[in-house]
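Taking UniProt numbering, I'd label the letters of the sequence shown as residues 1 to 202. Structure first, then comments.
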Amino acid sequence: MQSPSEHSKAVDKTTAHVTMSNLATEAGLSLIEDQTAVDGRARPEWTRFPIPHPEFRKATGHVEVYQAEGSTQQSGLVYEQRSALAWGDGCQRIHGRWTNEAATFLLDVFPMLLAGLEKSISKEEGTQGPIWFPTLTITIDFRKELPKCGVEWLRSRTSVKSVKNGRMAIEVELRTDETGEVVAVATHAGLMVDSARNRSKM
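Below you can see the structure in the form of structure tokens.
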């Protein structure tokens, strides 16, 4: 954010660095992924995850998130979800398909992890209500090109790398639902602050 002067006001700015390549024409050595490991986790029963505070996190209204029934998360630091693109137009629920462009949105949507962090914060500090998790930086590396018509489901594996002094580092790995191939990997740096700071701007 710029510092205001006598003749100007502070202006919010966003910086983006983009490296473009054609995934369809990339060539080089590839290792075959362990399909046994993928197949072993590919058939659990999935149940709809009730996203907390949807009125505060309006972006989550564009995605349906499912969790593996009976799954155990690793110390609240690793979360796996299965997601479908869906939204309401006021009359009906519309279901979309995940393309590479839409997958960029999904890499920044991980309600299961945020719900886990909120639960830990509420227990430790005795607070109620949503916590605001603004993203400071996000780096995305696409590894696979999805079909032009998109896919119905994608899976996310979200890992908390560190939480310290109100800052957090997160890694999100996006995979295809059928074959378990890596679609993209994202790393996040973000904050954890009282939601009142966000609501004051509404």
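Positions of the beta carbon are idealized from the N, C-alpha and C atoms, including for glycine.
query: Inter-residue Cα distance where the pair is R48 and Q67; result: 6 Å
query: Beta-carbon proximity of V78 to R157, cut-off 8 Å; result: yes
query: Beta carbon of L136 nearer than 8 Å to that of G190; result: yes
query: Beta-carbon separation (whole angstroms), K144 vs V183, contact threshold 8 Å; result: 5 Å
query: Pairwise C-alpha distance: E101 and L85; result: 12 Å
query: Local Cβ density within 10 Å of H95, reported as buried at 16 or more and exposed below that; result: exposed
query: G129 versus R57 - alpha carbon distance; result: 12 Å
query: Spatial neighbours of L113 in its chain, beta-carbon cut-off 6 Å, leaving aside the 5 residues before and after; result: Y79 and T158
query: Cα-Cα separation, K119 to E125; result: 10 Å
query: Neighbourhood of A42 by C-beta distance below 6 Å, restricted to the same chain and skipping five residues each side; result: Per-residue confidence for A42 stands at a pLDDT of 45, beneath the threshold of 50, marking its modelled position as unreliable; the derived number appears in the next sentence. Here the set comprises nothing.
query: Nearest neighbour of G166, chosen from V193, W153 and F105 [CA to CA]; result: V193
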